[in-house]
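Peer 1: In full-length UniProt numbering, the protein residues as written are 1 to 131.
1) Looking at residue 32 and residue 87, is the spacing between their C-beta atoms short of 8 angstroms?
2) How many whole angstroms separate the CB atoms of residue 43 and residue 81, which I take to be in contact at a CB cut-off of 8 angstroms?
3) Given a threshold of 16 other Cβ atoms within 10 Å of its Cβ, counted over all protein chains shown, does residue 105 qualify as buried or as exposed?
4) Would you mind giving the Cβ-Cβ distance between residue 51 and residue 34, rounded to the nearest angstrom? I have them listed as a contact below 8 angstroms.
5) With residue 65 as the anchor, note down where its alpha helix (DSSP H) starts and where it stops.
6) Out of 129, 72, 83 and 70, which one is the CA nearest neighbour of residue 97?
7) Please name the residue, chosen from 99, 91 and 125, that lies closest to residue 109 on a Cα-to-Cα basis.
8) Going by beta carbon distance, what residues of the same chain come within less than 6 angstroms of residue 91, once the five residues before and after it are set aside?
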């Protein structure tokens, strides 16, 4: 997608630049669109146009990949403006809560399924919540 976008704007990419860009995850464009929506940032015509163009390019080049990460289609700008305030508030609250310097220890049995089958599931008598 990156190279297609550059070529459409008439930007030639040399081999050295191409090699340095190969490490860029193709998921990053889709993740950026999801993050913009989640934090209520798709409210200006410029951001909306960017999101719309990224979706169009992705649907042309890799529609299955795009739909895995962004299962919804881009709606009209007025839709994002309506939901923006609530999403911004949730985003701010979530990030403020992450900054609280508290630590809570909760007692009681907690079961942790282990990813490694060699160790199996284990149980503790409590767990830490918060930071």
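Glycine included, C-beta positions come from ideal geometry on N, C-alpha and C.
Note that the structure is predicted; figures quoted are calculated from it, not measured.
Peer 2: Once the coordinates are examined:
1) no
2) 5 angstroms
3) exposed
4) About 10 angstroms; that fails the 8 angstroms criterion.
5) 63–69
6) 129
7) When each option's Cα is compared against that of residue 109, the closest is 125.
8) 39
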